[in-house]
Amino acid sequence: MFELPKAHVELFQAARELASTVEDRAAIADESVVIDQPMLDALRASGLVELCVPAAYGGRHERVDPLSVTVVREALMATSAHLDSLFAMQGIGSYALGAAGGKELRERWLPRVVSLEAIAALALTEPEVGSDLRAITTRIDSHGERLVVSGHKSFITNAGAASFYTVLGKEADAYSLVLVPAETPGVQITSGPPLLAPHVLGEVRLDDVEVPASYRVGQPGEGFSLVLATLAIFRVSVAGAAVGLAQAALDEAVRHTTGRRQFGARLADLGPIPHLLGTSWAEIEMARAFTYKAAALAAAEPLENLHWSSMAKVNATEIAGRVVDRAVQVMGRFGLIAGSKIERLYREARPMRIYEGGSEVLVSQLARKLTREKTPSPSGRGLGLPRGAQRSAG
Ligand SMILES: Cc1cc2nc3c(=O)[nH]c(=O)nc-3n(C[C@H](O)[C@H](O)[C@H](O)COP(=O)(O)OP(=O)(O)OC[C@H]3O[C@@H](n4cnc5c(N)ncnc54)[C@H](O)[C@@H]3O)c2cc1C
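Here it is in structure tokens:
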């Protein structure tokens with residue numbers, strides 16, 4: 053009952069196999085701010101990006117399956133954040149297009165997203181606007197058969213490498229999404245600031261960029277619901293990536309503390325170290341089980357179950373932060389060596405609590421739902437709690 057379906061176990065194994073073929077490349081790719089070609093080639097050869105696009109456009113499943121994306125990210129992130137981001141962004145950047153884009157636009161871009169000939173990006177954030185997306189100032193103005201897009205998008209993953217940007221802008225008094233091909237005149241990319249954990253990321257300036265009206269994704273004013281639809285599928289996959297990262301950190305800690313002796317004993321047997329390792333293991337298993345559950349719920353009813361995805365994202369990313377910190381601690385000075393796997397994981401864990409919904413924002417949303425709505429629990433297909441306990445799980 054609590055097992056992953058066989059198909060998902062096989063996907064996890066396929067992703068782990070891909071990750072193992074590029075393991076030697078991870079230390080280089082994860083410090084790169086441009087796409088690493090060997091990683092890209094390996095991802096393409098694996099065919100796993102098929103999971104990010106609907107079957108009608110070359111994808112594997114009729115609809116994108118959040119549990120498949122989640123288990124793949126778990127396996128990829130354990131080895132390389134660069135590889136994980138390359139995989140996930142193909143889905144995150146193109147989901148709205150698959151859900152609501154015009155036929156011609158979908159047919160033109162989505163098969164190329166699958167084959168990685170086209171790199172996708174989603175441009176929401178602006179220099180002055182992060183969590184509070186309703187405050188964006190990017191404008192989309194309709195001029196008959198043309199749309200004119202103007203604004204500045206900031207901290208955009210894949211900026212500079214992307215073939216198109218799915219841009220959220222204000223159209224009249226509402227918000228719309230528009231697909232902007234990277235080559236369109238008026239699109240200007242500059243690099244972003246160097247980050248704690250380097251990332252393919254940059255600033256996207258849109259200076260009176262003109263595209264055909266058919267490049268609007270969905271109806272005018274449908275922008276937010278399409279962004280929400282994207283998050284409803286992909287937010288839980290960040291939790292999967294966090295579980296993978298935490299597991300990799302714990303594996304490093306176990307390897308080190310069972311191999312090194314101090315005071316005539318294994319580090320793993322000294323003082324609080326067994327407690328730290330055991331606590332990390334328990335937290336990871338808890339995060340993994342809940343992440344799979346939330347991903348299965350997202351597969352069934354994405355929007356209705358977005359709060360479970362938010363919970364999974366907060367839990368797993370916060371746990372990954374604690375696990376990797378303990379791992380560094382039990383490895384002593386060896387946990388601090390720049391370029392070591394554990395040092396890389398330590399840096400890569402940190403942004404996960406900020407992007408795709410900061411922990412505090414998500415927790416506030418959960419509290420609002422808990423206290424202002426009659427939140428139905430996912431009983432039946434749910435958590436297996438006794439009836440009386442189900443309210444507090446919602
Ligand atoms: C590696 C990386 C990749 C990224 N890629 C992309 C991308 O591809 N596309 C894109 O559009 N953006 C991207 N971003 C931007 C990311 O989405 C934002 O960083 C995120 O939305 C948070 O916004 P902010 O950083 O401006 O923080 P702010 O919104 O300024 O928040 C700062 C802090 O305040 C908390 N906070 C804010 N509002 C509330 C509230 N109402 N209640 C409680 N707490 C609150 C937050 O949780 C956070 O801790 C990326 C960021 C990173 C780090």
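So for the sequence shown, my numbering puts the first residue at 53; every next one is plus one.
Ideal Cβ positions, reconstructed from N, Cα and C, are used throughout, including at glycine.
CA-to-CA distance, I325 to H308, given in whole angstroms: C-alpha separation (whole angstroms): 12 Å.
Element boundaries [alpha helix (DSSP H), containing G292]: Note, G292: alpha helix (DSSP H), G275 to G311.
Where P106 sits in the DSSP three-state scheme: In this structure, P106 counts as coil in the three-state DSSP scheme.
D260 (DSSP reduced to helix, strand or coil): Residue state, collapsed to three classes: strand.
Contact between the segment 217-225 and the segment 182-196 (3+ Cβ pairs under 8 Å): Short answer: they touch.
Ranges of the alpha helix (DSSP H) found wholly within the segment 69-128, counting only runs of at least 4: Taking only runs of at least 4 residues, the alpha helix (DSSP H) segments lying wholly in the segment 69-128 are 75-81 and 89-98.
Buried or exposed (CB count within 10 angstroms, at least 16 for buried), G99: The residue is exposed, with fewer than 16 neighbouring Cβ atoms inside 10 Å.
Residue of V105, R115, Y227 and D136 minimising C-alpha distance to S146: If we check each option's Cα against that of S146, V105 comes out closest.
Collapsed DSSP secondary structure at Y267 in the structure displayed: In this structure, DSSP gives Y267 a helical state, which the three-state scheme calls helix.
Meets three-Cβ-pair contact criterion under 8 Å: the segment 359-376 and the segment 332-345: Here the segment 359-376 lies against the segment 332-345, with 3 or more beta-carbon pairs under 8 Å apart.
R198: first and last residue of the uninterrupted beta strand (DSSP E) it sits in: Judged by DSSP secondary structure, R198 falls within the beta strand (DSSP E) whose first and last residues are R198 to T209.
Inter-residue CB distance, A152 and L278 (contact presumed, cutoff 8 Å): Indeed they touch by this definition, with Cβ atoms about 6 Å apart.
Closest Cα partner of L397 within the set D82, M338 and V263: In terms of Cα proximity to L397, the closest of D82, M338 and V263 is D82.
Given P462 as reference, the closest of L70, T73 and S120 once Cα atoms are compared: There is simply no residue 462 to check, as the chain begins at 53 and stops at 446 in what is shown.
Short Cβ contact (8 Å threshold) for E126 with R112: No, the pair does not count as a contact, with Cβ atoms beyond the cut-off.
Opposing strand residues paired with V181 [DSSP bridges]: In DSSP, V181 forms a bridge with E178.
D184 beta carbon near ligand 1 (any heavy atom closer than 7 Å): In this structure, the C-beta of D184 approaches ligand 1 to less than 7 Å from one of its heavy atoms.
Residue interval of the alpha helix (DSSP H) (run including H359): For H359, the enclosing alpha helix (DSSP H) has its first and last residue at L358 to V382.
L453 versus Y344 - alpha carbon distance: In the structure as shown, the chain starts at 53 and stops at 446, and residue 453 therefore has no counterpart that could be examined.
Buried versus exposed call for D136 [16 or more other C-beta atoms within 10 Å across all chains shown]: It counts as buried.
E169 versus I87 - alpha carbon distance: For E169 and I87, the distance between alpha carbons rounds to 13 Å.
Where the alpha helix (DSSP H) containing T343 begins and where it ends: Looking at the DSSP string, the run of the alpha helix (DSSP H) that includes T343 is I325 to A352.
Contact check, S243 vs G254, beta carbons under 8 Å: Contact: yes.
CB of A293 within 8 Å of CB of M129, strictly: Yes. Within cutoff.
Own chain partners of V413 with C-beta closer than 7 Å, once the 5 adjacent residues on each side are dropped: S183.
Of the residues V230, V232, Q240 and R399, the one placed nearest G212, counting alpha carbons only: If we check each option's Cα against that of G212, Q240 comes out closest.
CA-to-CA distance, K393 to R158, given in whole angstroms: Approximately 39 Å, taken between the alpha carbons.
Supposed close pair L329, V366 - CB separation, criterion 8 Å: With a Cβ gap of about 23 Å, L329 and V366 do not count as contacting.
Which listed residue (P272, F207 and A224) has its alpha carbon closest to that of H251: Of the listed residues, the one whose Cα sits closest to H251 is F207.
Opening and closing residue of the alpha helix (DSSP H) in which L149 lies: Segment Y147 to A152, the alpha helix (DSSP H) holding L149.
Inter-residue spacing [alpha-carbon to alpha-carbon] between R186 and A66: If you take the alpha carbons of R186 and A66, they lie about 40 Å apart.
8 Å Cβ cutoff, G143 in contact with chain C: Among the protein chains of the structure shown there is no chain C, as only one such chain exists.
Local conformation of A419 per DSSP, three classes: In the structure shown, A419 sits in a helix (DSSP, three-state: H, G or I).
C-alpha gap between S289 and R160, whole angstroms: Whole-angstrom Cα-Cα distance: 27 Å.
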